[in-house]
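Residues in the sequence shown are numbered from 178 upward in steps of one, following our numbering. Glycine included, C-beta positions come from ideal geometry on N, C-alpha and C. Okay, so here's the structure we're looking at.
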Amino acid sequence: MPTMIKPEADLHVHTVASGHAFSTIGEITLAASAKGIRAVGMTDHGPALPGGPHLYHFAALRFIPATLNGVRVLRGIEANILGKGKLDLPEPLLDRLDLVLAGFHEGCGFDDKGVKANTRAVLSMMDSPRVHVICHPGNPNFPLDYEAVVRQAAETGTALEINNASFYISRRGSSSNCRVIARLCAEHDAPVALGSDAHIADGVGEFSEALKVLAEEGVKWEQVVNRSLASTLQFLNLES
Ligand SMILES: [Zn+2]
Ligand SMILES: [Zn+2]
């Protein structure tokens, strides 16, 4: 994979609605546009995260135009996995969203239960057509059977995120796990999603570490679901 290529969409961005992030969707789309990013996933945390938005936030995403400051806004969530097949947003609300990331966060309804139970919970989420991406699966605080998760990704088409912030800001100790996941994704031809996990507009479209790891581990550019605006819309089953 040539390292100079950058994805056109950032599938993981937080706004002030998350309660601990610092930019509005207006600021984020302006920053994205300046960097040549054509789509952003507005993936604020699910309601189970302390300080996270109320359910009404997700219903009100319909007020946001599909394109803002020339950038496509994917109305989304970074939902918390609560257990086998269960997220912290009711299904009718999930159905209204363009983009659903699902993952583990401490203190949000599912704390580390060991590799077996953690993996079971993730595999069950990947069976759901409502879930598009498993976010930061390399988090060492929630160990997983990566081989099983990657095989399931290849089978179901659910993407596994290589989260750029995991390499230097969040979830210390993720780097080596992310490498293993990337290597397995290359081996099994599983779909990969790239996210900045930006909590401020300045960080939108920042993928440098994640891109380096994907290239080094042999992931093909075609495996990156958000490589272009068109591939992103196709992955999410959205119209342009
Ligand atoms: Zn997260
Ligand atoms: Zn996040």
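Inset, instruction - List the DSSP bridge partners of Asn-257. - result: Residue pairing for Asn-257: DSSP places it in a beta bridge opposite Gly-280.
Inset, instruction - Quick one: using the 10 Å Cβ neighbour count with 16 as the cut-off for buried, is Ala-186 buried or exposed? - result: Result: buried.
Inset, instruction - Report buried or exposed for Gly-350, applying the criterion of at least 16 other Cβ atoms within 10 angstroms of its Cβ. - result: Exposed.
Inset, instruction - For the segment 296 to 307 and the segment 326 to 334, state whether three or more C-beta atom pairs, one from each stretch, are separated by less than 8 Å. - result: Counting C-beta pairs with one atom in each stretch, the segment 296 to 307 and the segment 326 to 334 have three or more that are closer than 8 Å, which means they touch.
Legend entry - Whole-angstrom distance between Leu-337 and Ile-311, CA atom to CA atom: Rounded to whole angstroms, Ile-311 to Leu-337 spans 5 Å at the Cα level.
Inset, instruction - Could you have a look at Lys-263 and say whether DSSP puts it in helix, strand or coil? - result: Of the three classes helix, strand and coil, the one that applies to Lys-263 here is strand, per DSSP.
Legend entry - Identity of the residue in Pro-320, Val-327, Gly-291 nearest Leu-365 by Cα: Reading the sequence as shown, one finds His at residue 365 and not Leu. Nearest in C-alpha terms to His-365, of all of Pro-320, Val-327, Gly-291, is Val-327.
Legend entry - Contiguous beta strand (DSSP E) assignments of at least 3 residues, all confined to the segment 183 to 209: Entirely contained in the segment 183 to 209, the beta strand (DSSP E) runs reaching 3 residues are, in chain order, 186 to 190.
Legend entry - Run of the beta strand (DSSP E) containing Asn-465, from where it starts to where it stops: No statement about residue 465 is possible, as the shown extent of the chain runs from 178 to 417 and does not include it.
Legend entry - Below 6 Å from a heavy atom of ligand 1 - residues by beta-carbon: Going by the Cβ distance cut-off, the answer is Glu-255, Gly-280, His-282, Cys-312, His-313.
Legend entry - Bridge partner(s) assigned by DSSP for Arg-252: For Arg-252, which the question treats as bridged, DSSP gives the partners Met-219.
Inset, instruction - Identify whether Gly-286 lies in helix, strand or coil by the three-state DSSP scheme. - result: Reduced to three states, the DSSP call for Gly-286 is coil.
Inset, instruction - Enumerate in chain order the residues of its own chain whose CB-to-CB distance from Arg-249 is below 7 Å, with the five nearest sequence positions on each side excluded. - result: Excluding positions up to five away in sequence, the list reads Arg-215, Ala-216, Ala-243, Leu-406.
Legend entry - One or two residues paired with Met-326 in a DSSP bridge: The question names Met, yet the displayed sequence has Val at residue 326. In the DSSP output, where bridge partners are listed per residue, Val-326 has none listed.
Legend entry - C-alpha distance - Pro-224 paired with Tyr-233, whole-angstrom precision: Pro-224 and Tyr-233 have their alpha carbons spaced roughly 10 Å apart.
Legend entry - Assigned secondary structure, Val-292 (DSSP; H/G/I helix, E/B strand, else coil): Of the three classes helix, strand and coil, the one that applies to Val-292 here is helix, per DSSP.
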